[in-house]
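Okay, so here's the structure we're looking at.
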């Protein structure tokens, strides 16, 4: 299993609206994660791929507490265990859409809350700790290179 890190950054936006048969992970998420670069904003868009497999776009950006973080995004893929709410999302360096200098991709291992409105977990990457995200009702704004990767309309 290939594992790379986003020199402290995780970010992307990915696909679409949740339908009844979609994974509980499907949808739009916003929050933060912490890695070597410090606290970083994150929009994560997830869509159903096949069965319990999902695709995602990880879009990261600066937050007021850490204004020097650049913007970037990459694609991810993963799985959710619907029985437990445990999931993983992974990427590799070939999946960058917008790559700031000296950044590498990261991976997520986490849990969905029982109500499906929040997720938390561990960021797998250099100097990384945890992430926390809340479900959004509509797509967040993101650079065109991030939204077009999964035919998103994040504007």
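Numbering (mature numbering (1 follows the signal peptide of the UniProt record, and there is no 0)), first residue to last: -20 to -1, 1 to 135.
Each residue gets a CB set at the ideal place from its N, CA and C atoms; glycine is no exception.
Cut-off 7 Å between Cβ atoms - residues of its own chain near residue i, not counting five sequence neighbours on either side
i: residue 118; result: 8
i: residue 89; result: 68, 101, 102 and 104
i: residue 91; result: 65, 66, 99, 100 and 101
i: residue 44; result: none
Nearest residue (CA-CA) to residue i, options the options
i: residue 136; options: 113, 21, 39 and 60; result: Only positions -20 to 135 of the chain appear in the structure, and residue 136 is not among them; the question remains open.
i: residue 20; options: 95, 46 and 35; result: 46
i: residue 83; options: 15, 6 and 3; result: 15
i: residue 23; options: 37, 17 and 3; result: 37
i: residue 85; options: 52, 43, 28 and 6; result: 52
i: residue 3; options: 42, 64 and 40; result: 64
i: residue 17; options: 98, 6, 125 and 107; result: 107
i: residue 79; options: 34, 25 and 40; result: 40
i: residue 42; options: 122, 91, 130 and 129; result: 122
i: residue 116; options: 98, 126 and 129; result: 98
i: residue 127; options: 54, 49 and 50; result: 54
i: residue 94; options: 87, 81 and 114; result: 114
i: residue 81; options: 49, 70 and 129; result: 49
Sequence-distant residues of the same chain with beta carbon closer than 6 Å to residue i, five excluded per side
i: residue 112; result: 11 and 100
i: residue 6; result: -3, 26, 27 and 28
i: residue 57; result: 35
i: residue 125; result: 77 and 78
Helix, strand or coil at residue i [DSSP, three-state]
i: residue 117; result: coil
i: residue 123; result: coil
i: residue 5; result: coil
i: residue 129; result: helix
i: residue 15; result: strand
i: residue 104; result: strand
i: residue 20; result: strand
Beta-carbon proximity list for residue i, same chain, < 8 Å, skipping 5 on both sides
i: residue 110; result: 13, 14, 100, 101, 102 and 103
i: residue 33; result: 57, 58 and 59
Notebook entry, point to check: Between the segment 74 to 82 and the segment 90 to 107, do at least 3 Cβ pairs fall closer than 8 Å?
Noted result: Here the segment 74 to 82 makes no contact with the segment 90 to 107; the two share fewer than three CB pairs at distances below 8 Å.
Check: Which runs of the beta strand (DSSP E), 3 residues or longer, sit entirely within the segment 34 to 93?
Finding: Along the length of the segment 34 to 93, whole beta strand (DSSP E) runs at least 3 residues long occupy 52 to 60, 66 to 70, 76 to 78 and 87 to 92, reported in chain order.
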